[in-house]
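Undergrad: Just so you know, we're using this note's numbering here: the sequence shown kicks off at -5 and counts up by one.
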Amino acid sequence: MIVSLVIALLLAALSLLVMFPAAGHLRSLRDGELVEATLVRQGGCMAGNCQVEFEASGRTVVADLPVGSGAGKSSVGTRLPVRYRAGDPRVVALDGDVDGGGAAVGAVMAAGGALLFLAVSVLAGVALIRQRRRDPEPGRAPSPGERPADA
-5 MIVSLVIALL LAALSLLVMF PAAGHLRSLR DGELVEATLV RQGGCMAGNC
45 QVEFEASGRT VVADLPVGSG AGKSSVGTRL PVRYRAGDPR VVALDGDVDG
95 GGAAVGAVMA AGGALLFLAV SVLAGVALIR QRRRDPEPGR APSPGERPAD
145 A
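As structure tokens, then:
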């Protein structure tokens, strides 16, 4: 019961504190500058370990792709369309990710998992309470109106 409650809280925190803000961040880049970038570091893009290189305002920029990026299937050297914030070209996301859909789906799935584990925790608690009411303490006589345990 406690474990499922802890899992529910962790999934809820993931959804509210990570995935929903990530979806908002990605959507904020919809109107960003569109350029072709080269993937220069690939390794766990879902965890934010990918980097791209591109030209912005006449200078070369190396930027980290955000957590949840869809570049995981691409290999180093692949050309990818990215959007970056005009005021800060290090804030970048894949053009296909800026709708925020992937992060929003992850947020909904994490929230659904949290609700599932919360329901499991509540049901386990109810079952535990019912079990305690059904089993009288050893050596205690049943109170008036209560059925004896051996009946």
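Don't be surprised by glycine CBs; every beta carbon is placed ideally from N, CA and C.
What residue range is occupied by the uninterrupted alpha helix (DSSP H) comprising Pro15?
TA: The sequence position of residue 15 within the sequence shown is 21, counting from 1. Element bounds for Pro15: 14 to 22.
Undergrad: Apply the 10 Å Cβ neighbour rule to Pro60 and answer buried if 16 or more other Cβ atoms are within range, or exposed otherwise.
TA: To locate residue 60, count along the sequence shown from 1; it is residue 66. Buried: at least 16 other Cβ atoms inside 10 Å.
Undergrad: Along the chain, which unbroken stretches of the beta strand (DSSP E) at least 3 residues long are found entirely within the segment 90 to 114?
TA: DSSP runs (the beta strand (DSSP E)) wholly in the segment 90 to 114: none.
Undergrad: Val114 to Ile1, Cα distance in whole Å?
TA: To locate residue 114, count along the sequence shown from 1; it is residue 120. To locate residue 1, count along the sequence shown from 1; it is residue 7. Each residue's Cα considered, the two are about 11 Å apart.
Undergrad: State the CB to CB distance for the pair Gly90 and Gly71, rounded to an integer number of angstroms; the pair is presumed to be in contact (CB under 8 Å).
TA: Sequence index remark: in the sequence shown, residue 90 carries index 96 (1-based). Sequence index remark: in the sequence shown, residue 71 carries index 77 (1-based). Not a contact, Cβ separation roughly 18 Å.
Undergrad: Using the three-state DSSP reduction, which class does Val61 fall into: helix, strand or coil?
TA: Mapped onto the sequence shown, residue 61 falls at position 67. Three-state result, Val61: coil.
Undergrad: I'd like to confirm the pairing. Which residues does DSSP put opposite Asp82 in its beta bridges?
TA: The residue labelled residue 82 in the question sits at position 88 within the sequence shown. The partner list for Asp82 (beta bridge, DSSP) reads Arg79.
Undergrad: Have a look at the DSSP bridge pairing and note the partners of Val46.
TA: Looking up residue 46 in the sequence shown gives position 52. Per DSSP, Leu33, Ala57.
Undergrad: Return the CA-CA distance between Ala17 and Leu5, expressed in angstroms with no decimal places.
TA: Here residue 17 corresponds to residue number 23 of the sequence shown, with the count starting at 1. Here residue 5 corresponds to residue number 11 of the sequence shown, with the count starting at 1. Cα to Cα, Ala17 sits roughly 16 Å from Leu5.
Undergrad: Excluding the 5 residues preceding and the 5 following Ala108 in the sequence, name in chain order all residues of the same chain whose CB lies nearer than 7 Å to its CB.
TA: Within the sequence shown, residue 108 is the residue found at index 114, counting from 1. For Ala108, where only same-chain residues beyond five positions count, the Cβ hits under 7 Å are Ala2, Leu5, Ala6, Ser9.
Undergrad: Using C-beta distances below 6 Å, list every residue in its chain close to Arg84, excluding the 5 sequence neighbours before and after it, in chain order.
TA: Taking the first residue of the sequence shown as 1, we reach residue 84 at position 90. Taken in chain order, the residues that qualify are Ala57.
Undergrad: Could you tell me which residues DSSP pairs with Arg73 in its beta bridges?
TA: By 1-based counting over the sequence shown, the position of residue 73 is 79. Arg73 is bridged to Thr32.
Undergrad: Which residues does DSSP pair with Leu88 in a beta bridge?
TA: In the sequence shown, counting from the first residue as 1, residue 88 sits at position 94. Answer is Val76, bridged to Leu88.
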